[in-house]
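First up is the structure itself, then whatever we jot down about it.
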Amino acid sequence: MGQVATLLAQRIALSLLLLFLVSILIFVGTIILPGDVAQSILGQSATPEALANLRAELGLNDPPLTRYFAWLGGILQGDLGTALTSGQDIATSIGTRLGNTLFLAFWAAVVAVPLAIFLGLLAVRYRDRWPDKLISAVTLASISIPEFLIGYLLMYFISVRLGWFPSVAMTNDSMGFWDKLNAIALPVMVLTLVVLAHMMRMTRAAILNVMQSAYIETAELKGLSGLDVIRKHAFPNAIAPIVNVVMLNLAYLVVGVVVIEVVFVYPGMGQYLVDHVSKRDVPVVQACGLIFAAVYIGLNMVADIVSILSNPRLRHPK
Amino acid sequence: MSDPFVRVRGLKIGATVYPPGEKPHDIEIVHGVDFDLQKGQVLGLIGESGAGKSTIGLATMAYGRGGVEITGGEVWVNGRDILQSGLRDVRQLRGAEVTYVSQSAAASFNPAKKIMEQVTEAAIRHNKFSRREAEERAVALFTKLGLPDPENIGNRYPHQVSGGQLQRCMTALALCPEPDLVVFDEPTTALDVTTQIDVLAAIKEAIRDTGVAALYITHDLAVVAQVSDRIMVLRMGDMVECGPTDQIINAPQQEYTQALVSVRSIKHAEQEPTTEPVLTVRDITARYPGTRYDVLRDVNVDLHPGQTLAVVGESGSGKSTLARVITGLLPPSGGSIDFAGRRLSPTLAGRSLEDLRELQMIYQMADTAMNPRQTVGTIIGRPLEFYFGLKGREKQKRIQELLDEIELGDGFQDRYPAELSGGQKQRVCIARALAAKPKIIICDEVTSALDPLVADGILKLLLELQKIEGVAYLFITHDLATVRAIADSIAVMYQGKVQRYGGKTEVLSPPFDDYTDLLLSSVPEMKLGWLEDVIAHRKMESAGN
C-alpha cells in the first residue's frame with residue numbers, strides 16, 4: 000500500500016498547491032480590473048472626502064500583499080468577508096445558495112451519469128448499428144443546441160403546454176423535499192441533456208479502446224454474451240478515463256450552471272454571482288471564484304484518486 | 000471406431016484486407032482443409048506464419064478474429080455442424096465444450112480481475128459447476144500444473160505472477176469447465192526455454208490425465224513432436240501433409256515437410272582466434288538511470304575480426320543491455336571497451352564518426368527499424384551519403400552492389416518496406432548496416448521474429464557476408480539452435496553476469512555449470528519422447544541430491 004499512499008498524498012498536496020495558486024490569481028485578477036469599489040458603492044455624485052473615508056474603512060489603501068493575506072487568513076477561518084453592497088456576511092449568503100446549487104447538480108448527476116454510462120455501454124454493444132448511431136445523433140444534437148434554448152423549449156412544451164412541471168424553479172426552505180424535486184425537474188432535464196453527450200461518447204470510446212485487448216477475446220471464447228463481455232471485462236478496465244470525464248462534467252454542473260439558474264430563476268450560486276458581478280462587489284466575486292475553483296480542483300482530484308485506486312497494478316503491487 | 004469428436008470438411012476461411020493504396024478486397028486464407036479428431040487425441044497443427052493454423056484452430060469455436068470469416072465447409076463438434084448453429088448455440092459451445100489457450104497469457108488475462116474469478120468464470124457461466132466446486136477444481140488444476148501455493152494463487156491478480164505461471168493458469172482456465180476439446184495456440188512460444196519445458200510437461204500431463212482432445216498449434220516442430228499423436232503440416236492455407244507424429248518427424252513424405260524437419264542444417268565449423276580481438280569488453284558494470292540494481296556485472300568478452308561471438312541468455316539476462324553499452328546508448332558505471340586498438344568513449348556523444356561507422360547494428364523488428372515512407376534505395380543510400388559522401392551514379396552503383404549481396408537483385412530500389420516480406424525487410428537492414436563498411440555488426444535477435452526457413456536463409460546470408468566482408472558479429476539471441484549454427488565463441492549470460500564463456504565447442508561440451516546445463520537440456524529436440532526423458536532425468540537428479 001506504500002506506493003499508493005505516496006501517490007495519493009502527492010495528488011492531494013498538488014491540489015492544495017493548485018488551489019493556493021488559483022487564490023492568488025483570483026485576487027490579482029480582481030484588483031487589476033479597472034474601476035473603484037468605493038466609487039461604485041457611493042455613486043458618481045460622492046464627495047472626494049466620502050470616497051477617501053470609505054476606502055480607508057474598506058482597507059483599500061493597504062498594500063495588495065497585506066490585503067491578500069488578510070483575505071486568505073479570513074477564508075482559512077471560514078470568514079469570506081462581507082458583501083460591499085448589502086453589508087451581509089458572504090459566508091451565510093453563499094451557504095444556502097451553494098446548498099441549492101449542489102442540490103441541483105446532485106440530482107442532475109444522479110440522472111445523467113448512470114444514463115450516460117448505460118447509453119455508452121449500449122452504443123458499444125450495438126456499435127455501428129442503428130442504436131449506436133441514434134444515441135450518438137441525439138446526444139450530439141442536444142449538446143449542440145445552446146442550453147438556454149433547450150431550457151426555453153422544455154419550458155414551453157413540458158411546462159406550458161403539458162403543465163407537468165413548474166416553469167420557474169424557485170425554491171425556499173419551507174418547501175418539502177418532493178416539492179423541491181418537482182421544482183427543479185426542468186433544470187435537471189436541461190443539465191442532463193447538456194452533459195450527456197460528452198460522458199456517453201467518452202464511455203463509448205474508452206470501452207471500445209479496451210475491446211481491442213486480447214482478454215476480450217478470451218471472454219468471448221468463454222461463451223459470454225456481448226453485454227456481459229462489456230460489463231464484466233471491458234468496463235472495469237475503462238473506469239479511469241470514464242471517471243475523468245464524469246468528474247469534469249460534475250464540475251461543470253456546479254460551476255457552469257449560471258445560465259440555467261438565470262433562465263429558471265433558481266436561487267443558486269450562479270445567480271448570486273451574476274448579481275454581484277454587475278454590482279462590482281469584489282469580495283463576493285472573489286469568494287465565488289474561489290469556491291468554484293475549489294469544486295473544480297476537488298472533483299478532478301477525486302478523478303485522479305479513483306484512477307489510481309482502479310489500477311490493480313498500483314493497488315496490488317507484486 | 001465411433002464418429003470422431005471433431006470432423007472438419009472443406010473448411011474455407013476468408014478475410015478482408017486493406018492494402019495501402021488499393022481498394023479493400025476479400026481474400027481466401029484457408030482453402031478447404033479436412034481433419035478428424037477423436038476424444039483424447041492430440042492433433043498438432045504446424046506451419047509458418049500465414050499458414051492459417053490459428054485461424055483453423057479458432058474455427059472449431061466458430062470464431063473469426065478481426066475481419067476473418069468462415070466462408071465454407073463443415074465443422075462438426077459433438078455431432079452437430081457448428082457453422083450452421085446460431086450465435087446462442089455457439090456461445091453454449093464456447094467455454095464449455097471447446098476452450099482456448101492463447102499465446103500470450105499476459106495479454107489474455109483481464110488485468111482488473113483476480114485469477115480465480117477468471118479461471119472459474121466459464122464453468123460457472125455454463126452451469127457446469129457451482130462456484131465452490133469450480134474453485135475446488137481450479138485449485139486441483141493449479142496443483143496438477145505445478146503452480147506454487149495452489150490454494151492461494153487464485154487470489155492474486157495477473158500481474159502478480161510470472162509469465163510462465165500465468166501461462167499455466169491459462170491452461171487451468173481452459174481445463175476448468177471440463178471441455179471436450181482444448182485449442183492450444185502457441186502456448187509456450189512467448190516463454191523462455193527453461194520455462195517452456197515445465198509448461199510443456201504440465202500441459203502434456205494435464206491432457207493425458209483429463210482425457211481431453213486437443214489441437215496444438217505451433218511453428219516449432221520439435222515442440223509439437225512432444226505432445227501430439229498426429230501432426231498436420233499447413234502452408235499458405237493448404238494442408239501439405241498429415242500423419243502420425245512418428246512418420247512426420249522421421250519419414251516426412253512432402254518436400255516442404257522435409258525442409259521443415261531438416262531446418263537449421265547450417266554447419267559452421269568454429270574458427271580459432273588468430274589475431275588480436277577487434278572488440279575487448281572489460282569489467283563492464285551497468286545500470287539504468289534511476290534504478291538501484293546492476294543489470295550487468297563485471298562482463299568480460301572478446302570479439303575477434305571476422306568471427307562471431309554469440310551472447311545467449313533468457314529474457315532479463317542483460318544481453319540487450321550489453322549491446323546498448325557497447326553502442327554507447329547506455330554509458331556503463333564501470334569498466335572499459337576497446338575497439339580496433341583504441342579506447343571507446345562510454346557515451347555516444349564522445350564517439351567519433353569513425354567509431355559510429357565501424358560499429359553497426361541490426362534489430363529484431365526490421366519493420367520498426369526502417370522509415371516506412373522511404374524507399375529501399377533511400378534507406379540503403381543514407382549511410383553511403385552520410386559516411387562516405389557518395390552521390391549520384393556512384394551511390395546508385397553501390398546500392399545495387401549491396402542489393403546483389405543480400406540476394407534481392409533488381410527492382411527493389413524503388414520499393415517501400417511495406418511491400419517486402421519479413422525476410423526481405425531484414426535483408427535490407429543487413430544491407431544498410433553493411434553499407435557503412437563496419438568492423439562489427441551487433442545483431443540483436445535478428446532472426447527471432449522470422450519463420451524457421453526464412454531465418455535459416457538470413458543466417459546463411461550472414462555467414463556468407465562474413466566471409467566476403469570480414470565483418471565480425473556480436474550475435475545476441477535466446478535461441479541455442481541459432482548459436483550452434485553460426486557462433487565461433489559463446490558467452491552464456493544469466494542475471495547480468497557471464498556465466499560461461501569460451502569457444503563454441505568448449506562452451507557446448509560438458510562438464511557444464513548448473514545453469515548452462517539447464518539451458519542446454521531445455522532446448523526441445525526433434526525426437527519422440529524427448530520431453531519424458533528430460534523430465535525423468537531431472538527427477539532422478541534431484542532425487543539423487
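Protein chains in written order, with numbering that gives the first Met the number 0: chain E, 0 to 317; chain D, 0 to 544.
By construction, the Cβ of each residue, glycine as well, lies at the ideal position given by its N, Cα and C atoms.
Original post:
Hey, is D/S103's beta-carbon within less than 8 angstroms of any beta-carbon in chain E?
Top reply: By 1-based counting over the second sequence, the position of residue 103 of chain D is 104. Taking 8 angstroms as the threshold, the shortest C-beta distance from D/S103 to chain E falls below it.
Original post:
For D/P110 and chain E, any beta-carbon pair shorter than 8 angstroms?
Top reply: Taking the second sequence and counting its residues from 1, the one referred to as residue 110 of chain D is at position 111. Yes, contact with chain E.
Subject >> Rounded Cβ spacing between E/V123 and E/I241 (contact assumed at less than 8 angstroms) >> reply: In the first sequence, residue 123 of chain E corresponds to position 124, counting from 1. In the first sequence, residue 241 of chain E corresponds to position 242, counting from 1. Actually they are not in contact, since the Cβ atoms of E/V123 and E/I241 sit about 12 angstroms apart, beyond 8 angstroms.
Original post:
Quick one: what's got a C-beta closer than 8 angstroms to E/R10's C-beta in the same chain, skipping five residues either side?
Top reply: Position 11 of the first sequence, counted from the start, is the residue given in the question as residue 10 of chain E. The residues are M300, D303, I304 and I307.
Subject >> Partner residues on chain D for E/P235, Cβ-Cβ distance less than 8 angstroms >> reply: One-based indexing of the first sequence puts residue 235 of chain E at position 236. N109, A111 and K112, listed in chain order.
Original post:
Going by DSSP, which residues form a beta bridge with D/K496?
Top reply: One-based indexing of the second sequence puts residue 496 of chain D at position 497. Its beta-bridge partners are D/Y493.
**OP:** Please name the residue or residues paired with D/V100 in a DSSP beta bridge.
**Re:** Here residue 100 of chain D corresponds to residue number 101 of the second sequence, with the count starting at 1. Note: D/V100 sits in a beta bridge opposite D/F183.
Subject >> Cα-Cα separation, D/S53 to E/A204 >> reply: The residue labelled residue 53 of chain D in the question sits at position 54 within the second sequence. The residue labelled residue 204 of chain E in the question sits at position 205 within the first sequence. So the alpha carbons of these two residues sit roughly 29 angstroms apart.
Subject >> Rounded separation between D/L518 and D/P276 - CA only >> reply: Within the second sequence, residue 518 of chain D is the residue found at index 519, counting from 1. Within the second sequence, residue 276 of chain D is the residue found at index 277, counting from 1. Distance between the alpha carbons of D/L518 and D/P276 is about 28 angstroms.
Subject >> Cα-Cα separation between D/M0 and E/K221, rounded to whole angstroms >> reply: Translated into positions along the second sequence, residue 0 of chain D becomes position 1. Translated into positions along the first sequence, residue 221 of chain E becomes position 222. Bear in mind that the predicted position of D/M0 carries a pLDDT of just 45, short of 50, making it too unreliable to give a figure here.
Original post:
Taking buried to mean at least 16 other C-beta atoms within 10 Å of its own C-beta, is D/P331 buried or exposed?
Top reply: Position 332 of the second sequence holds residue 331 of chain D. Answer is buried; the Cβ neighbour count reaches 16.
Subject >> Rounded C-alpha distance that separates E/S166 from E/T138 >> reply: Stepping through the first sequence from its first residue, residue 166 of chain E is reached at position 167. Stepping through the first sequence from its first residue, residue 138 of chain E is reached at position 139. Roughly 23 angstroms between the two C-alpha positions.
Original post:
Cα separation between D/L140 and D/G163?
Top reply: Against the second sequence, residue 140 of chain D aligns to sequence position 141. Against the second sequence, residue 163 of chain D aligns to sequence position 164. Taking the straight line from one Cα to the other gives about 15 angstroms.
**OP:** Spell out the partners DSSP gives D/H24 in its beta bridges.
**Re:** Counting from 1 along the second sequence, the entry for residue 24 of chain D is found at position 25. Per DSSP, D/V16.
Original post:
Along chain E, which residues have their Cβ under 7 angstroms away from the Cβ of D/G94?
Top reply: Residue mapping note: residue 94 of chain D aligns to position 95 of the second sequence, counting from 1. Ordered by position in chain E, the residues that pass the 7 angstroms Cβ test against D/G94 are L220, K221 and G222.
Original post:
Hey, would you say the C-beta of D/A432 is under 7 angstroms away from at least one heavy atom of the ligand GDP?
Top reply: This structure lacks the ligand GDP; in fact it carries no ligand of any kind.
Original post:
With DSSP run on the structure shown, which of helix, strand or coil describes D/F34?
Top reply: Residue mapping note: residue 34 of chain D aligns to position 35 of the second sequence, counting from 1. DSSP places D/F34 in strand when its eight states are reduced to three.
**OP:** Would you mind telling me which residues of chain E sit closer than 7 angstroms to D/E120, beta carbon to beta carbon, in chain order?
**Re:** The residue given as residue 120 of chain D occupies position 121 in the second sequence. Chain E residues near D/E120: K221.
**OP:** From the DSSP output, read off the bridge partner residues of D/Y287.
**Re:** What you label residue 287 of chain D is simply residue 288 of the second sequence in a count that begins at 1. DSSP lists no partner for D/Y287.
**OP:** With D/R296 as the anchor, note down where its beta strand (DSSP E) starts and where it stops.
**Re:** For the purposes of this step, residue 296 of chain D is identified with residue 297 of the second sequence, where counting begins at 1. Unbroken beta strand (DSSP E) run through D/R296: L295 to L302.
**OP:** Using a Cβ cut-off of 8 angstroms, pull out every chain E residue sitting near D/A58, in sequence order please.
**Re:** Here the question's residue 58 of chain D lines up with position 59 in the second sequence. Per Cβ cutoff of 8 angstroms: no residues; D/A58 is ~12 angstroms from chain E at best.
Subject >> Neighbour list for D/Q494 in chain E, Cβ cutoff strictly below 9 angstroms >> reply: Position 495 of the second sequence, counted from the first residue, corresponds to residue 494 of chain D. Simply none; closest approach about 18 angstroms.
**OP:** Inspect the beta-carbon positions of D/P157 and D/H125 and report whether they are closer than 8 angstroms.
**Re:** Working through the second sequence from its first residue, we reach residue 157 of chain D at position 158. Working through the second sequence from its first residue, we reach residue 125 of chain D at position 126. Their beta carbons are not under 8 angstroms apart, which means D/P157 does not touch D/H125 by this criterion.
Subject >> 8 angstroms Cβ cutoff, E/Q9 in contact with chain D >> reply: Residue mapping note: residue 9 of chain E aligns to position 10 of the first sequence, counting from 1. No, its Cβ sits nowhere closer than 8 angstroms to a Cβ of chain D.
Original post:
Are any of the Cβ atoms in chain D nearer than 8 angstroms to that of E/H315?
Top reply: To locate residue 315 of chain E, count along the first sequence from 1; it is residue 316. E/H315 counts as touching chain D.
Subject >> Separation of D/I405 from D/K38, as counted between CA atoms >> reply: The sequence position of residue 38 of chain D within the second sequence is 39, counting from 1. The sequence position of residue 405 of chain D within the second sequence is 406, counting from 1. Cα to Cα, the separation comes out at about 49 angstroms.
**OP:** Go ahead and label E/G28 buried or exposed: buried means 16 or more other beta carbons lie within 10 angstroms of its beta carbon, across all protein chains shown.
**Re:** Here residue 28 of chain E is taken as the residue at index 29 of the first sequence, counted from 1. It counts as exposed.
Original post:
Is D/Q498 near D/T515, with beta carbons less than 8 angstroms apart?
Top reply: The count along the second sequence starts at 1 and reaches residue 498 of chain D at position 499. The count along the second sequence starts at 1 and reaches residue 515 of chain D at position 516. Yes, these two residues count as a Cβ contact at 8 angstroms.
Subject >> D/V311 and D/A285 closer than 8 angstroms at C-beta >> reply: Your numbering for residue 311 of chain D matches position 312 in the second sequence. Your numbering for residue 285 of chain D matches position 286 in the second sequence. No, these two residues do not count as a Cβ contact at 8 angstroms.
Original post:
With a Cβ-Cβ cutoff of 8 angstroms, do E/V245 and E/V112 count as a contact?
Top reply: Position 246 of the first sequence, counting from 1, holds the residue named residue 245 of chain E. Position 113 of the first sequence, counting from 1, holds the residue named residue 112 of chain E. Going by C-beta atoms, E/V245 is nearer than 8 angstroms to E/V112.
Original post:
Nearest CA to the CA of D/G317: which residue from D/R296, D/E116 and D/D487?
Top reply: Within the second sequence, residue 317 of chain D is the residue found at index 318, counting from 1. Residue D/R296 is the option with its Cα nearest to D/G317.
Subject >> Cβ pair D/D301, D/T279 closer than 8 angstroms >> reply: Residue 301 of chain D sits at position 302 when you count from the first residue of the second sequence. Residue 279 of chain D sits at position 280 when you count from the first residue of the second sequence. Against a cut-off of 8 angstroms, the Cβ pair of D/T279 and D/D301 comes out as a contact.
**OP:** Give the residues of chain E in contact with D/R124, contact being defined as C-beta atoms less than 7 angstroms apart.
**Re:** Here the question's residue 124 of chain D lines up with position 125 in the second sequence. Neighbours of D/R124 on chain E, chain order: K221, G222 and L223.
**OP:** Compare the C-alpha of D/A268 against each of D/D513, D/Q425 and D/S488 and name the closest.
**Re:** Counting from one through the second sequence, the residue named residue 268 of chain D turns up at place 269. Comparing Cα-Cα distances from D/A268 to each of D/D513, D/Q425 and D/S488, the minimum goes to D/S488.
Original post:
When the Cα atoms are used, what is the spatial distance from D/E204 to D/E444?
Top reply: Here residue 204 of chain D is taken as the residue at index 205 of the second sequence, counted from 1. Here residue 444 of chain D is taken as the residue at index 445 of the second sequence, counted from 1. About 32 angstroms.
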